[in-house]
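K.L.:
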Amino acid sequence: MAVRTYAPVGQTPVLRVPLTRDHVSAIGAITPQGRLFMQTQSHSYKGEDVVGFLKHLLRQIPGKLLVIWDGSSIHRCQAVKDFLAQGGAARLHLERLPAYAPEFNPQEGVWNLLKRRELKNVCCKDSTELSYALLLALARLRHRKQTLRHCFVHAGYSL
Numbered sequence: 001m002a003v004r005t006y007a008p009v010g011q012t013p014v015l016r017v018p019l020t021r022d023h024v025s026a027i028g029a030i031t032p033q034g035r036l037f038m039q040t041q042s043h044s045y046k047g048e049d050v051v052g053f054l055k056h057l058l059r060q061i062p063g064k065l066l067v068i069w070d071g072s073s074i075h076r077c078q079a080v081k082d083f084l085a086q087g088g089a090a091r092l093h094l095e096r097l098p099a100y101a102p103e104f105n106p107q108e109g110v111w112n113l114l115k116r117r118e119l120k121n122v123c124c125k126d127s128t129e130l131s132y133a134l135l136l137a138l139a140r141l142r143h144r145k146q147t148l149r150h151c152f153v154h155a156g157y158s159l
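Using the UniProt record's numbering, read the sequence shown as starting at 1 and increasing by one per residue.
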């Protein structure tokens, strides 16, 4: 799927693709041990989807769970508040980052790795192909525990 193009000097290659409204939305989490969790879907995430992801994390990770997330409105929606009020907060501790502070979010490092390294030069014809490319990139990234742990160090957290 990676595409490398060559063109005469001064002639930028153009890739023609159909104009669609398809997209791939992703939600992810990373642990200091380098475990990576991610879910994708073909529509935008809603509060119920975030609750589902938090439940997934609670099933996969034992003990207390610190969730550091940005100030996105979806993280403060009623569905999330209801989940926390109904006992979801027993093992969860939520910390909201200051507005416009992605450099303090280790997950942003993962998004950067995916976009700028793993999916660099990937050209997909549709959202299905993009989802598949993303799954392959995640599989490669999951094997690089030290790189994933460095996302925490880069964000200013000590391990």
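For every residue, glycine included, the Cβ atom is placed at its ideal position computed from N, Cα and C.
From R59 to V17, what does the alpha carbon distance come to, in whole angstroms?
P.N.:
Counting from 1 along the sequence shown, the entry for residue 59 is found at position 59. Counting from 1 along the sequence shown, the entry for residue 17 is found at position 17. Taking the straight line joining both Cα atoms gives about 40 Å.
K.L.:
Who does T128 pair with in a DSSP beta bridge?
P.N.:
Here residue 128 refers to the residue found at position 128 of the sequence shown. Bridge partners of T128: none, in fact.
K.L.:
Under the rule that 16 or more other beta-carbon atoms within 10 Å means buried, what is V149, buried or exposed?
P.N.:
Mapped onto the sequence shown, residue 149 falls at position 149. Per the sequence presented here, residue 149 reads as Arg, with Val not at that position. Buried.
K.L.:
Going by DSSP, what residue range makes up the alpha helix (DSSP H) through H150?
P.N.:
In the sequence shown, the residue the question calls residue 150 occupies position 150. Looking at the DSSP string, the run of the alpha helix (DSSP H) that includes H150 is 145-154.
K.L.:
Which residues in the same chain as residue 177 place their Cβ atom closer than 7 Å to its Cβ, once the five residues preceding and following it in sequence are excluded?
P.N.:
Because the chain here runs from 1 to 159, residue 177 falls outside it and cannot be looked at.
K.L.:
Would S158 and D22 be called neighbours here (beta carbons separated by less than 9 Å)?
P.N.:
Taking the first residue of the sequence shown as position 1, residue 158 is located at position 158. Taking the first residue of the sequence shown as position 1, residue 22 is located at position 22. Going by C-beta atoms, S158 is not nearer than 9 Å to D22.
K.L.:
Buried or exposed: A139, going by 16 or more other Cβ atoms within 10 Å of its Cβ?
P.N.:
Working through the sequence shown from its first residue, we reach residue 139 at position 139. Exposed, since its Cβ has fewer than 16 Cβ neighbours within 10 Å.
K.L.:
Bridge partners for A137 per DSSP, in chain order?
P.N.:
What you label residue 137 is simply residue 137 of the sequence shown in a count that begins at 1. DSSP lists no partner for A137.
K.L.:
Here's the rule I'm using: 16 or more other beta-carbon atoms within 10 Å means buried, otherwise exposed. How should T95 be labelled?
P.N.:
Translated into positions along the sequence shown, residue 95 becomes position 95. Looking at the sequence itself, residue 95 is Glu, so the reference to Thr does not match. When all chains shown are included, E95 counts as exposed.
K.L.:
Are there 16 or more other CB atoms within 10 angstroms of the CB of V51, so buried, or fewer, so exposed?
P.N.:
What you label residue 51 is simply residue 51 of the sequence shown in a count that begins at 1. The residue in question, V51, is buried, as its Cβ has 16 or more Cβ neighbours within 10 Å.
K.L.:
Put L57 into one of helix, strand or coil per three-state DSSP.
P.N.:
Reading the sequence shown from its first residue, position 57 is the one you call residue 57. In this structure, L57 counts as helix in the three-state DSSP scheme.
K.L.:
Identify the residues that DSSP records as bridge partners of W69: which are they?
P.N.:
As a working mapping, residue 69 is identified with position 69 in the sequence shown. R96.
K.L.:
Rank S131, G71, P13 by C-alpha distance to the C-alpha of Q41 and give the top, closest one.
P.N.:
Here residue 41 refers to the residue found at position 41 when the sequence shown is read from its first residue. Among S131, G71, P13, the Cα nearest to that of Q41 is on S131.
K.L.:
With DSSP as the reference, label Q86 as helix, strand or coil.
P.N.:
Stepping through the sequence shown from its first residue, residue 86 is reached at position 86. Residue state, collapsed to three classes: coil.
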